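Per the numbering used here, numbering of the sequence shown is gapless, rising by one per residue and ending at 353. Let me begin by presenting the structure, written as structure tokens, before commenting on it.
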Amino acid sequence: MEAPMVQWEIPRPPTSVLMLVDLGVDLGVPATASLAGTGLAEAALRETGTEVTARQEQVVVGNLLAATDGRGHLGLEAGSRFHLTSFGFWGFALVSSPTLGAAIRLALQYLDLTYAWSHFDLRRTGDEARLVLTAPDVPEPLRRFTIERDLAVTATLQQELFSAQIQVRRLVLSFPPADPERYEQILRITPEFDGDETFLSMDAALLDLPMPQANAHAQALAQEQCREWLDRSSARTGAAGRVRDLLLARPGDPPTAEHVARELTMSSRTLRERLAAERTSYRELLDEIRERLAEEMLTEGLTVAQAAERLGYQEVSSFSHAFRRWKGMGPRAYRTTLPRPD
Numbered sequence: 012m013e014a015p016m017v018q019w020e021i022p023r024p025p026t027s028v029l030m031l032v033d034l035g036v037d038l039g040v041p042a043t044a045s046l047a048g049t050g051l052a053e054a055a056l057r058e059t060g061t062e063v064t065a066r067q068e069q070v071v072v073g074n075l076l077a078a079t080d081g082r083g084h085l086g087l088e089a090g091s092r093f094h095l096t097s098f099g100f101w102g103f104a105l106v107s108s109p110t111l112g113a114a115i116r117l118a119l120q121y122l123d124l125t126y127a128w129s130h131f132d133l134r135r136t137g138d139e140a141r142l143v144l145t146a147p148d149v150p151e152p153l154r155r156f157t158i159e160r161d162l163a164v165t166a167t168l169q170q171e172l173f174s175a176q177i178q179v180r181r182l183v184l185s186f187p188p189a190d191p192e193r194y195e196q197i198l199r200i201t202p203e204f205d206g207d208e209t210f211l212s213m214d215a216a217l218l219d220l221p222m223p224q225a226n227a228h229a230q231a232l233a234q235e236q237c238r239e240w241l242d243r244s245s246a247r248t249g250a251a252g253r254v255r256d257l258l259l260a261r262p263g264d265p266p267t268a269e270h271v272a273r274e275l276t277m278s279s280r281t282l283r284e285r286l287a288a289e290r291t292s293y294r295e296l297l298d299e300i301r302e303r304l305a306e307e308m309l310t311e312g313l314t315v316a317q318a319a320e321r322l323g324y325q326e327v328s329s330f331s332h333a334f335r336r337w338k339g340m341g342p343r344a345y346r347t348t349l350p351r352p353d
């Protein structure tokens, strides 16, 4: 089974970029140097709701490699900092899968919800199963980092999924030889270098190994969340993503659909057709933006009237009606469900 190629422009949480920034600081590279050319600021990365793209993360990796002259095993070091909890519902779906093979297949199906850039291919031949890694869409100077990071993440997740170490037969790397010590420490196996391809191999029978925390109900719920997040993230590229950007820029005075179409240099009909092809509409996007901002405003302590005004509602009652449609309860009732500050 092959995993789909990475989607470079899908918005995602800044978890991986923050790990890289922190790794750089540990190595003496200032955060500003790691983030140079990305348009990102460290303070913003640590704020709730901030998102980045894999394209921006590529720039961070390039900056780190340049600042350290490629010394050490940056990919291994970066990958070892990830844990199951770094991946939200994707990690929970893996934990609750019935078998190791099912977990791997699910992981590859929803790989776009992770921070991996490698292309994974699970091959089963006779009594051997191979997980093959390539990075054809990654710039050549970043490929070794990419594959080594994804190998380290794979090893860390395996250790957290199982209390016992899964016996890997071989680790073959399609790279020139390097000091194997750090590979042995992080991946727990001595690698072979200069291979035709990079892969981990194991006994095929291990794919049927039951997962310690298998739970069919929890797995179904987690997988449903994975599908929803993937659909939502994918919809934020293309026309829908550009419309969202315009709406977010003017939440108190949102542009009309006609104005948005003009901004995007297309007719209103073309905009409707493109949004329909992405399974959304101007009205749905406006509602989505307003709902999200309303939640944030009420959580931050704004009054209902203040939130209504900032979102462009002339009447508080109109805002309350819309909020009830979104949440099934009015904004005042919603505020009572929020945790009280200490």
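Glycine included, every Cβ here is placed at the ideal spot set by N, Cα and C. Quick caveat, the model's predicted, so the values are computed rather than measured.
ask   = According to DSSP, is S129 helix, strand or coil?
value = Working through the sequence shown from its first residue, we reach residue 129 at position 118. S129 falls in the coil class under three-state DSSP.
query = From T6 to R273, what does the alpha carbon distance come to, in whole angstroms?
reply = As displayed, the chain neither begins before 12 nor continues past 353, which places residue 6 out of reach and without an answer.
message = On the DSSP letters alone, give me the boundaries of the alpha helix (DSSP H) that V36 sits inside.
response = Numbered from 1 along the sequence shown, position 25 holds the residue referred to as residue 36. Per DSSP, V36 belongs to the alpha helix (DSSP H) from 26–37.
query = Could you give the C-beta distance for C237 and L122, rounded to a whole number, given that I count them as a contact under 8 Å?
reply = Position 226 of the sequence shown, counted from the start, is the residue given in the question as residue 237. Position 111 of the sequence shown, counted from the start, is the residue given in the question as residue 122. Between L122 and C237 the Cβ distance is about 10 Å, and since that is not below 8 Å, they are no contact.
ask   = Is there contact between the stretch 85–102 and the stretch 159–177, where contact requires at least three CB pairs shorter than 8 Å?
value = yes
request  = Leaving aside the five residues before and after F186 along the sequence, list all residues of the same chain whose C-beta is less than 7 Å from its C-beta, in chain order.
outcome  = Against the sequence shown, residue 186 aligns to sequence position 175. Taken in chain order, the residues that qualify are R155, F204.
request  = Can you give me the start and stop residues for the alpha helix (DSSP H) that T281 sits inside?
outcome  = Counting from one through the sequence shown, the residue named residue 281 turns up at place 270. Here the alpha helix (DSSP H) through T281 covers 279–288.
request  = Just tell me which of Q67, T79, A55, L105 has its CA closest to the CA of L232.
outcome  = Residue mapping note: residue 232 aligns to position 221 of the sequence shown, counting from 1. Cα-wise, what sits closest to L232 is L105.
task = Would you please state the rounded distance, in angstroms, between the beta carbons of Q69 and L153? I believe it to be under 8 Å.
result = In the sequence shown, counting from the first residue as 1, residue 69 sits at position 58. In the sequence shown, counting from the first residue as 1, residue 153 sits at position 142. Correct: roughly 6 Å between the Cβ atoms.
query = With a Cβ-Cβ cutoff of 9 Å, do I300 and P262 count as a contact?
reply = The residue labelled residue 300 in the question sits at position 289 within the sequence shown. The residue labelled residue 262 in the question sits at position 251 within the sequence shown. Contact flag set, yes.
query = Quick one, are the C-beta atoms of S279 and A268 less than 9 Å apart?
reply = Translated into positions along the sequence shown, residue 279 becomes position 268. Translated into positions along the sequence shown, residue 268 becomes position 257. In contact: S279 and A268 (Cβ atoms closer than 9 Å).
task = Rank R199, F173, W128, T314 by C-alpha distance to the C-alpha of M222 and give the top, closest one.
result = Reading the sequence shown from its first residue, position 211 is the one you call residue 222. Out of R199, F173, W128, T314, F173 has the C-alpha closest to the C-alpha of M222.
query = In chain order, what residues of the same chain have a beta carbon less than 8 Å from the beta carbon of T310, not counting five sequence neighbours either side?
reply = Taking the sequence shown and counting its residues from 1, the one referred to as residue 310 is at position 299. Around T310: L349.
message = Quick check: the Cα distance between I21 and E62, rounded to an integer number of angstroms?
response = The residue labelled residue 21 in the question sits at position 10 within the sequence shown. The residue labelled residue 62 in the question sits at position 51 within the sequence shown. Computed Cα separation, rounded: 9 Å.
request  = Can you grab the Cα-Cα spacing for the pair T329 / E284, in whole Å?
outcome  = Start at 1 with the first residue of the sequence shown, and residue 329 comes out as number 318. Start at 1 with the first residue of the sequence shown, and residue 284 comes out as number 273. According to the sequence as given, residue 329 is Ser; it is not Thr. Rounded to the nearest angstrom, the two C-alpha atoms are 29 Å apart.
task = Enumerate in chain order the residues of its own chain whose CB-to-CB distance from I27 is below 7 Å, with the five nearest sequence positions on each side excluded.
result = Your numbering for residue 27 matches position 16 in the sequence shown. Per the sequence presented here, residue 27 reads as Ser, with Ile not at that position. If we look at S27 and ignore the five residues flanking it on each side, its Cβ neighbours are E68, Y126.
query = For S108, which of helix, strand or coil comes out of DSSP?
reply = If you number the sequence shown from 1, residue 108 lands on position 97. Correct three-state label for S108: coil.
task = Please state whether DSSP places S331 in a helix, a strand or coil.
result = On the sequence shown, position 320 is the one that residue 331 refers to. Correct three-state label for S331: helix.
ask   = Where does T209 fall in DSSP's three states?
value = Here the question's residue 209 lines up with position 198 in the sequence shown. Annotated three-state conformation of T209 is strand, per DSSP.
request  = Per DSSP, which residues does R141 bridge with? Please list them.
outcome  = Position 130 of the sequence shown, counting from 1, holds the residue named residue 141. Per DSSP, R134, S212.
message = Which residue marks the beginning of the alpha helix (DSSP H) containing R160, and which one marks its end?
response = Residue mapping note: residue 160 aligns to position 149 of the sequence shown, counting from 1. R160 -> alpha helix (DSSP H) spans 151–172.
message = Do T110 and S129 have their beta-carbon atoms positioned less than 9 Å apart in this structure?
response = Within the sequence shown, numbered from 1, the residue matching residue 129 stands at position 118. Within the sequence shown, numbered from 1, the residue matching residue 110 stands at position 99. It is not a contact, given that the beta carbons lie outside the stated cut-off.
query = Nearest CA to the CA of L182: which residue from A163, G83, L304?
reply = For the purposes of this step, residue 182 is identified with residue 171 of the sequence shown, where counting begins at 1. Among A163, G83, L304, the Cα nearest to that of L182 belongs to A163.
query = Expressed to the nearest angstrom, what Euclidean distance is found between the alpha-carbon atoms of T165 and A118?
reply = Counting from one through the sequence shown, the residue named residue 165 turns up at place 154. Counting from one through the sequence shown, the residue named residue 118 turns up at place 107. Distance between the alpha carbons of T165 and A118 is about 10 Å.
Cutoff 6 Å; reference G86; Cβ partners in own chain excluding five residues on either side = As a working mapping, residue 86 is identified with position 75 in the sequence shown. So the list reads F156, E159, R160, once near-sequence residues are dropped.
request  = Can you tell me which of the three DSSP states R92 falls into?
outcome  = Stepping through the sequence shown from its first residue, residue 92 is reached at position 81. Three-state result, R92: coil.
ask   = Got a sec? Which residues, its chain only, sit under 7 Å from R346 by beta carbon, not counting five neighbours each side?
value = The sequence position of residue 346 within the sequence shown is 335, counting from 1. Closer than 7 Å at the Cβ level, and outside the excluded window around R346, lie L309.
key: Sub-9 Å separation of E195 and A250 beta-carbons   = The sequence position of residue 195 within the sequence shown is 184, counting from 1. The sequence position of residue 250 within the sequence shown is 239, counting from 1. No.
query = Do the CB positions of W337 and A316 come within less than 9 Å of each other?
reply = Residue mapping note: residue 337 aligns to position 326 of the sequence shown, counting from 1. Residue mapping note: residue 316 aligns to position 305 of the sequence shown, counting from 1. Against a cut-off of 9 Å, the Cβ pair of A316 and W337 comes out as no contact.
ask   = What are the residues that DSSP puts in a beta bridge with P221?
value = Against the sequence shown, residue 221 aligns to sequence position 210. According to DSSP, P221 bridges with T110.
inquiry  = Using DSSP's beta-bridge definition, name the partner residues of R181.
reply    = The residue labelled residue 181 in the question sits at position 170 within the sequence shown. Answer is S212, bridged to R181.
key: Three-state class that DSSP yields for V63 in the structure shown   = The sequence position of residue 63 within the sequence shown is 52, counting from 1. Three-state result, V63: strand.
query = Going by alpha carbons, who is nearest to A44 out of R57, W19, M213, V71?
reply = In the sequence shown, residue 44 corresponds to position 33, counting from 1. Of the listed residues, the one whose Cα sits closest to A44 is V71.
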